[in-house]
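Top line first, the protein sequences correspond to chains A and B. Mapping to my numbering: the first sequence position 5 is 5, numbers consecutive. Mapping to my numbering: the second sequence position 93 is 93, numbers consecutive. What follows is a short report on a single structure.
Protein chains: 2
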Amino acid sequence: MEIIEKNTLQVAQQWIKSVSAPLENENSGIKKYQFDKENILNLLIQAQNRHELNENAPVQVMAEMIMDNYYGAVVTWCINKGKECTLIESVEHYCLYGLKPMINIYKERL
Amino acid sequence: MEIIEKNTLQVAQQWIKSVSAPLENENSGIKKYQFDKENILNLLIQAQNRHELNENAPVQVMAEMIMDNYYGAVVTWCINKGKECTLIESVEHYCLYGLKPMINIYKERL
Numbered sequence: 001m002e003i004i005e006k007n008t009l010q011v012a013q014q015w016i017k018s019v020s021a022p023l024e025n026e027n028s029g030i031k032k033y034q035f036d037k038e039n040i041l042n043l044l045i046q047a048q049n050r051h052e053l054n055e056n057a058p059v060q061v062m063a064e065m066i067m068d069n070y071y072g073a074v075v076t077w078c079i080n081k082g083k084e085c086t087l088i089e090s091v092e093h094y095c096l097y098g099l100k101p102m103i104n105i106y107k108e109r110l
Numbered sequence: 001m002e003i004i005e006k007n008t009l010q011v012a013q014q015w016i017k018s019v020s021a022p023l024e025n026e027n028s029g030i031k032k033y034q035f036d037k038e039n040i041l042n043l044l045i046q047a048q049n050r051h052e053l054n055e056n057a058p059v060q061v062m063a064e065m066i067m068d069n070y071y072g073a074v075v076t077w078c079i080n081k082g083k084e085c086t087l088i089e090s091v092e093h094y095c096l097y098g099l100k101p102m103i104n105i106y107k108e109r110l
């Protein structure tokens, strides 16, 4: 288990390192970011279509903030060499204390 | 102005690149992370002491989430080569749509 965790950390560290300072013609990091953001944005739009989120919800901005938190959780985990807080704990904390309050505002009927 | 923005981006890119995959005995990234987190945690504790935040506020977790968002905004800005959204816009969006709803929960009297 310790070996799996260590290898996963090393993969994440190398990935962040490789995409954080891209060359002029290098865009694999941007493509992955756009792919991830589109997936999150689509989930938010589907929730709007099902009237689970009201039409005032700023879905573009919300998707960008979820992305900042997601990528931020990975990069702080890499900087701290996997210590301080596990990646799963960070995501659980975000869902409970960050994402839920943000989404709750747009769950009410207009 | 364009030159200043480009240079700032390059400094941030090199910094993220250098701290994201630290060697075993390298800890400048961790030190900076701890310094930033302590500052944010102290602000939240001061707010609790002034009864602006109630005593149930999970200040440790809140400080970690603010850090994830702050570092995440920088890393996504680096990955996107400064495009998509400026760093100031990301922070403004976070203060309005992320931080404010999270803090508001703990502003009420117990």
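Ideal placement from N, C-alpha and C gives every residue a C-beta, glycine not left out.
- Item | From B:28, B:106, B:21, B:6, residue whose alpha carbon lies closest to that of residue 57 of chain B | As a working mapping, residue 57 of chain B is identified with position 57 in the second sequence. Closest option to residue 57 of chain B, Cα to Cα, is B:106.
- Helix or strand or just coil, what does DSSP make of residue 78 of chain A? Here residue 78 of chain A refers to the residue found at position 78 when the first sequence is read from its first residue. Here residue 78 of chain A sits in helix by DSSP.
- Residues in its own chain within less than 8 Å of residue 45 of chain B by CB, not counting five upstream and five downstream? In the second sequence, residue 45 of chain B corresponds to position 45, counting from 1. The answer, listed in chain order, is 59.
- Item | For residue 92 of chain B and residue 61 of chain B, the rounded distance between their alpha carbons | As a position in the second sequence, residue 61 of chain B is number 61, starting the count at 1. As a position in the second sequence, residue 92 of chain B is number 92, starting the count at 1. Cα-Cα distance, rounded: 21 Å.
- Message: Residues of the region 78-105 of chain B in Cβ contact with chain A at a cutoff of 7 Å, in chain order, please.
- Response: 78, 79, 80, 81, 85, 90, 93, 94, 97, 98, 101, 102, 105
- Could you please tell me which residues of the region 49-61 of chain A, in chain order, have their CB closer than 8 Å to any CB of chain B? Of all residues in the region 49-61 of chain A, only 58, 61 place a beta-carbon less than 8 Å from a beta-carbon of chain B.
- What does a CB cutoff of less than 8 Å around residue 74 of chain A pick up in its chain, not counting 5 residues either side in sequence? Stepping through the first sequence from its first residue, residue 74 of chain A is reached at position 74. Same-chain partners within the cutoff: 12, 16, 87.
- residue 36 of chain B at chain A interface by Cβ criterion, 7 Å: Position 36 of the second sequence, counting from 1, holds the residue named residue 36 of chain B. It does not: the Cβ of residue 36 of chain B has no partner Cβ on chain A nearer than 7 Å.
- What does residue 17 of chain A reach in chain D if we use C-beta pairs closer than 7 Å? No chain D is part of this structure, whose protein chains are labelled A and B.
- Pair every Cβ in the region 25-34 of chain B with every Cβ in the region 66-81 of chain A, then say whether three or more of these pairs are closer than 8 Å. yes
- Query: Of all the CB atoms in chain B, is at least one closer than 7 Å to the CB of residue 8 of chain A?
  - Reply: Within the first sequence, residue 8 of chain A is the residue found at index 8, counting from 1. Residue 8 of chain A does not count as touching chain B.
- Task: Locate the alpha helix (DSSP H) running through residue 40 of chain B, then write down its first and last residues.
- Result: What you label residue 40 of chain B is simply residue 40 of the second sequence in a count that begins at 1. According to the DSSP assignment, residue 40 of chain B belongs to the alpha helix (DSSP H) that extends over 28-49.
- DSSP three-state assignment for residue 23 of chain A, whether helix, strand or coil: For this step, residue 23 of chain A is matched to residue 23 along the first sequence. DSSP places residue 23 of chain A in coil when its eight states are reduced to three.
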